[in-house]
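What follows is a short report on a single structure.
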Amino acid sequence: MDNEEAVEGWLVKEFRAYEIPLAAISSADYRNDEEVREDLIYKLYTITHPDVLQRLYSAEE
Numbered sequence: 001m002d003n004e005e006a007v008e009g010w011l012v013k014e015f016r017a018y019e020i021p022l023a024a025i026s027s028a029d030y031r032n033d034e035e036v037r038e039d040l041i042y043k044l045y046t047i048t049h050p051d052v053l054q055r056l057y058s059a060e061e
């Protein structure tokens, strides 16, 4: 198992994350975010499960 597969598995198992299409975020959005290196992005994941979000964020966030 390579590092990418390990991280992807961890995201799915630990955070119930699931993959979303790369086209879900436009190139313009990447360019407008100085913390993002578009050339290094090969997959996108999202975390939406309420139990996981509650564990990660406080009520104020």
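Sequential numbering from 1 applies to the sequence shown in the numbering used here. We treat Cβ as the ideally placed atom computed from N, Cα and C, and that holds for glycine.
Pull up the distance between the alpha-carbon of I25 and that of L11, whole angstroms please. As a position in the sequence shown, residue 25 is number 25, starting the count at 1. As a position in the sequence shown, residue 11 is number 11, starting the count at 1. Each residue's Cα considered, the two are about 19 Å apart.
Can you tell me where the beta strand (DSSP E) holding Y18 begins and where it ends? Sequence index remark: in the sequence shown, residue 18 carries index 18 (1-based). From DSSP, the beta strand (DSSP E) with Y18 extends over 18 to 20.
Name the two residues that bound the continuous beta strand (DSSP E) containing L44. Here residue 44 is taken as the residue at index 44 of the sequence shown, counted from 1. From DSSP, the beta strand (DSSP E) with L44 extends over 44 to 46.
Between which two residues does the alpha helix (DSSP H) harbouring L11 extend? The residue you call residue 11 lines up with position 11 of the sequence shown. For L11, the uninterrupted alpha helix (DSSP H) segment begins and ends at 3 to 15.
Mapping the DSSP letters down to three states, classify E34 as helix, strand or coil. Counting from 1 along the sequence shown, the entry for residue 34 is found at position 34. Looking at E34 - three-state DSSP - the assignment turns out to be coil, as it is neither helix nor strand.
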